[in-house]
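Chains as they are written, first to last, in this note's numbering: chain F, 74 to 190; chain E, 298 to 414. Even glycine gets a Cβ: it sits at the ideal position worked out from N, Cα and C. Values in this document were obtained by computation on a predicted structure and should not be read as measured data. Have a look at the structure below, then the notes.
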Amino acid sequence: AQSVTQLGSHVSVSEGALVLLRCNYSSSVPPYLFWYVQYPNQGLQLLLKYTSAATLVKGINGFEAEFKKSETSFHLTKPSAHMSDAAEYFCAVTFNAGGTSYGKLTFGQGTILTVHP
Amino acid sequence: DTGVSQDPRHKITKRGQNVTFRCDPISEHNRLYWYRQTLGQGPEFLTYFQNEAQLEKSRLLSDRFSAERPKGSFSTLEIQRTEQGDSAMYLCASSLGTATYSNQPQHFGDGTRLSIL
């Protein structure tokens, strides 16, 4: 069974500061990992994905994440926060099980990012 | 790429009524997913279609819920005899997939927000 834990339901940073959103996963098989962002009353937009290639993944809007198997983590970072980054962020996991997986995503609880001027 | 489209965006109905939501996926995507998101939570998987075949249903999908994808294009999700607990955002997502690989990202619509009076 898969699961995702996002540490910290709320994170607050100042504009220009480092953003760090934490995600730990549990999967009995090699995972595929995703970060999505959700703005109020909207659907989810893909930020980046890890699919067993490079462990450091770069995404849109200056975000990146590093897959660390030994720590079962996939934390999301951005060097300098912008006001427009304020939103809710979701980490999600799926896996490929030799053709029997359909790619359904298991999501974390979400982290609301607030950016102060 | 016109994106995933969901209709309606908002639905308010009285308890006990039936409701139906529609999802139009990205045209070349063969996989279609429905998720439910309640306030303060991450999305939870409901059901999955590969082309017109419904291949998996979550235990969350009670007998009052039914989903179809009749021609492998758009999909509908119907809830019969709605209950207060059905109030949520219903999200549709689509992706490309093969029998072997499921690492293609899912693209989400903006959701249908259901409110039960």
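Residue i - containing beta strand (DSSP E), residue span
i, result
"Gln351(E)", "Ala350 to Lys354"
"Asp360(E)", "Asp360(E) -> no beta strand (DSSP E), and no H or E assigned at all."
"Met386(E)", "Ala385 to Ser392"
"Tyr105(F)", "Pro104 to Gln111"
"Gln377(E)", "Neither: Gln377(E) is in no beta strand (DSSP E) and is coded neither H nor E."
"Gln314(E)", "Run containing Gln314(E): none; DSSP gives neither H nor E here."
"Lys122(F)", "Leu117 to Tyr123"
"Ile185(F)", "Thr184 to His189"
"Thr78(F)", "Ser76 to Leu80"
"Glu341(E)", "Glu341 to Gln347"
"Asn327(E)", "Note, Asn327(E): premise wrong, no beta strand (DSSP E); not H, not E."
DSSP-derived helix/strand/coil call for residue i
i, result
"Gln303(E)", "strand"
"Asn33(F)", "There is simply no residue 33(F) to check, as chain F begins at 74 and stops at 190 in what is shown."
Problem set entry | the segment 299-319 of chain E in contact with the segment 336-353 of chain E per 3-pair CB rule at 8 Å | Touching, no, given that fewer than three Cβ pairs across the two stretches are closer than 8 Å.
Problem set entry | chain E contacts from the segment 137-151 of chain F (Cβ-Cβ distance under 7 Å) | For the segment 137-151 of chain F, the set of residues with a beta-carbon nearer than 7 Å to any beta-carbon of chain E is empty.
Exercise. At a cut of 8 Å, does the segment 351-358 of chain E reach the segment 405-412 of chain E through at least three beta carbon pairs?
Worked result: When Cβ pairs closer than 8 Å are counted between the two stretches, the segment 351-358 of chain E is seen not to touch the segment 405-412 of chain E, the count staying below three.
For this session: Entirely within the segment 138-178 of chain F and at least 3 residues each: give me those beta strand (DSSP E) ranges in chain order.
Result: Complete beta strand (DSSP E) runs here, min 3: 146-151 and 160-168.
Exercise. Which of the residues in the segment 348-366 of chain E, read from start to end, lie with their CB under 7 Å from any CB of chain F?
Worked result: Per Cβ criterion, the list reads Leu352 and Glu353.
Problem set entry | Residues of the segment 383-396 of chain E whose Cβ lies closer than 9 Å to any Cβ of chain F, in chain order | Of all residues in the segment 383-396 of chain E, those with a C-beta nearer than 9 Å to a C-beta of chain F are Met386, Leu388, Cys389, Ala390, Ser392, Gly394, Thr395 and Ala396, reading in chain order.
Problem set entry | Near-chain E residues of the segment 116-136 of chain F (beta-carbon distance less than 8 Å), N- to C-terminal order | Residues of the segment 116-136 of chain F with a C-beta atom less than 8 Å from some C-beta of chain E are Gly116, Leu117, Gln118, Leu119, Lys122, Thr124 and Ser125, listed in chain order.
Problem set entry | At least 3 beta-carbon pairs within less than 8 Å: the segment 298-312 of chain E vs the segment 95-110 of chain F | The segment 298-312 of chain E is not in contact with the segment 95-110 of chain F.
Problem set entry | Three or more C-beta pairs below 8 Å linking the segment 316-331 of chain E and the segment 370-381 of chain E | Put simply, the segment 316-331 of chain E touches the segment 370-381 of chain E. At least three CB pairs are less than 8 Å apart.
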